[in-house]
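I have placed the structure first, in the form of C-alpha cells, so that the comments after it can refer back to it.
In my numbering, the protein residues as written are 43 to 148.
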C-alpha cells in the first residue's frame, strides 16, 4: 500500500466513525485533529484512534487496553488478537458504554 492509499483509507474510516458517532443513540461525542480521533463516552472515558503513518498502522486505545491494526486485504486486523477492526470497535464501544453499540464499515 502506498502512503497516499494509507492516508485515504484512514481518512475514510475516521469520517465513517464520526458519522456513526453523530447518529448513535448513546450520547457520544468526538474530537478529531492531526491524525487522532477521540470518541468520548458519557462517563468521560475515551476510545482514541491514532494514525501511525510510518508503519501504515492504526492504533486504538480503549479504557481497557491498546491495539495495533494493520491492513490485511480489505480489513484492518489487530496484530495481537487477530480481531477485525469493526467487530473490535463494536465490542470495545459496547463494553465502555455499558450498552450495545453497533458500527459498520461503509
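For glycine and all other residues, C-beta sits at the position ideal for the given N, C-alpha and C.
With DSSP as the reference, please indicate the residues paired to residue i in a beta bridge.
i: residue 71; result: 82
i: residue 103; result: 90, 108
For the beta strand (DSSP E) that contains residue i, what are its first and last residues?
i: residue 91; result: 88–94
i: residue 114; result: 108–114
i: residue 119; result: 117–120
Take the Cβ of residue i as the centre, count every other Cβ of all protein chains shown within 10 Å, and call the residue buried at 16 or more, exposed below.
i: residue 130; result: buried
i: residue 93; result: buried
i: residue 104; result: buried
Confirm, please, whether the CB-CB distance from residue j to residue i is below 8 angstroms.
i: residue 114; j: residue 122; result: no
i: residue 111; j: residue 127; result: yes
i: residue 59; j: residue 118; result: no
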